[in-house]
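Shown next, in structure tokens, is the structure this report addresses.
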Amino acid sequence: MNIAFASLAPSPVDHVQFVYEYFRLSQKQIGQKQLIHGIALSLNAHHRRAF
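The opening residue of the sequence shown carries number 85 in the working numbering; numbering runs sequentially from there.
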């Protein structure tokens with residue numbers, strides 16, 4: 085799942101930052117729904133920067 089999300093990052097640098105953010109969120113021991121919500125927010129931020 086995380087690979088599919090990370091592949092949407094527009095550049096290698098953003099890809100690294102996105103993967104880092106994904107693991108940072110996952111290390112917080114938060115609920116699955118909250119983790120998915122955080123990933124969605126990160127994706128939205130990436131798309132705003134990319135376009």
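All C-beta atoms in this analysis are idealised placements derived from N, C-alpha and C, irrespective of residue type, glycine included.
Can you give me the C-alpha to C-alpha distance between residue i and residue j, rounded to a whole angstrom?
{"i": "Ser-110", "j": "Val-97", "result": "20 Å"}
{"i": "Lys-117", "j": "Ser-126", "result": "14 Å"}
{"i": "Phe-102", "j": "Ile-120", "result": "13 Å"}
{"i": "Phe-107", "j": "His-99", "result": "12 Å"}
Tell me whether residue i is buried or exposed, calling it buried when 16 or more other Cβ atoms sit within 10 Å of its Cβ.
{"i": "Ala-129", "result": "exposed"}
{"i": "Tyr-104", "result": "exposed"}
Helix, strand or coil: which one does DSSP assign to residue i?
{"i": "Gln-101", "result": "helix"}
{"i": "Gln-118", "result": "helix"}
{"i": "Phe-135", "result": "Summary for Phe-135: the model assigns pLDDT 48, below 50, so the residue's position carries little reliability, and this model does not support an answer."}
Using a Cβ-Cβ cut-off of 6 Å (strictly less than) and excluding sequence neighbours within five positions of residue i, which residues of its own chain qualify?
{"i": "Ala-124", "result": "none"}
Looking only at its chain, what residues have a beta carbon closer than 7 Å to the beta carbon of residue i, apart from the 5 residues adjacent to it on each side?
{"i": "Met-85", "result": "Only weak support is given to the placement of Met-85: the predicted model assigns it a pLDDT of 46, under 50, and the value that follows is read from those uncertain coordinates. Around Met-85: no qualifying Cβ."}
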